[in-house]
Amino acid sequence: MIYAANWKLHKTPEQAQNFLRELSQSYKPHHNDKVVIFPPALLAGVFSQELQNSTMGWGLQNSYSQEQGAFTGENSAGTAKVMGAQYVLVGHSERRSLFAERDELLAEKVKLAQSLGLQVVFCIGETLEQREKNQTRSVLIEQIRKGLKSAQAKNLIVAYEPVWAIGTGKVATPEQVAETHTWIAQILKDHSLDLVPILYGGSVKPDNAAVLKQQAHVAGFLVGGASLEVSSFLGIIKA
Ligand code: PGA
222 MIYAANWKLH KTPEQAQNFL RELSQSYKPH HNDKVVIFPP ALLAGVFSQE LQNSTMGWGL
282 QNSYSQEQGA FTGENSAGTA KVMGAQYVLV GHSERRSLFA ERDELLAEKV KLAQSLGLQV
342 VFCIGETLEQ REKNQTRSVL IEQIRKGLKS AQAKNLIVAY EPVWAIGTGK VATPEQVAET
402 HTWIAQILKD HSLDLVPILY GGSVKPDNAA VLKQQAHVAG FLVGGASLEV SSFLGIIKA
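In our numbering, the protein residues as written are 222 to 460.
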């Protein structure tokens, strides 16, 4: 299983260091498990140092589609790679909705990150309105078709995060997760992206993780709120 933590815009360098030290002390990874943390970009230096000889991975929550140039305020995937990052998150719903990132731009980001040898965790998911109108499947098809246009199956992980379940405490039911992940696995296959791990994200907590883990095509989780405390993140890993 893959346990990915999305810290969003949380934690100071000191808090990050304490978290990483506490987690490494209390967690001995099962050989089939992978823990990956996505801190805010300003904490890259802390991760670069603290995780030098660790089995835990880390990456940026967002990186630009160009490695360098006149792009004030952006983050370079190339620099993250040099600093030891192995992953990058692309297309999180907050990037899509709050920062107006379009599928075409996301496709460019995926392409650059993969060309640098980074593993991309690509996020997809429908809004509540789209689910209620039975558009979930077609929304996911479009997000995959456009956003993963130039993607390679190698170094790709997809995170299914229904927008209505992110940060709301409203988790998708096990049946919804199983059905949707099965669709996604088929859509990926139709785009020659076979055997790509699919994570579920959206209000994952220690008390719902065990059931969700057992659903079809669930290869792990992308965790927001519950990844900010070692105890709740570990609770999900051990569930
Ligand atoms: P959440 O966030 O676990 O707080 O719902 C998930 C995410 O946005 O990746």
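Heads up, the beta-carbon is just placed ideally off N, CA and C, and yes, glycines get one too.
Just so it is clear, the structure is predicted and the values come from calculations on it, not from any experiment.
Output needed for residue i: all residues of its chain with C-beta closer than 7 Å, excluding positions within five of it in sequence on either side, in chain order.
i, result
"residue 329", "286"
"residue 451", "240, 243, 244 and 247"
"residue 423", "382, 383, 386, 387, 392 and 393"
"residue 175", "With the chain running from 222 to 460 in the structure shown, residue 175 is simply not present."
"residue 408", "361, 362 and 365"
"residue 295", "285"
"residue 367", "324, 325 and 328"
Checking the sheet assignment: what are the DSSP bridge partners for residue i?
i, result
"residue 340", "308"
"residue 443", "225 and 422"
"residue 345", "381"
Could you check what DSSP says for residue i in three-state terms: helix, strand or coil?
i, result
"residue 283", "coil"
"residue 292", "coil"
"residue 380", "strand"
"residue 227", "strand"
"residue 259", "strand"
"residue 333", "helix"
"residue 365", "helix"
"residue 474", "The first residue shown for the chain is 222 and the last is 460, placing residue 474 beyond what the model contains."
"residue 278", "strand"
"residue 398", "helix"
"residue 375", "coil"
"residue 250", "coil"
"residue 450", "coil"
By Cβ distance, which residues of its chain are closer than 8 Å to residue i, with the 5 residues on each side in sequence left out?
i, result
"residue 454", "224, 226, 244, 444, 447 and 448"
Excluding the 5 residues preceding and the 5 following residue i in the sequence, name in chain order all residues of the same chain whose CB lies nearer than 6 Å to its CB.
i, result
"residue 257", "225, 278 and 308"
"residue 375", "none"
"residue 349", "385"
"residue 436", "395, 398 and 399"
Would you call the stretch 353-360 and the stretch 296-315 in contact, with 3 or more CB pairs under 8 Å? Here the stretch 353-360 makes no contact with the stretch 296-315; the two share fewer than three CB pairs at distances below 8 Å.
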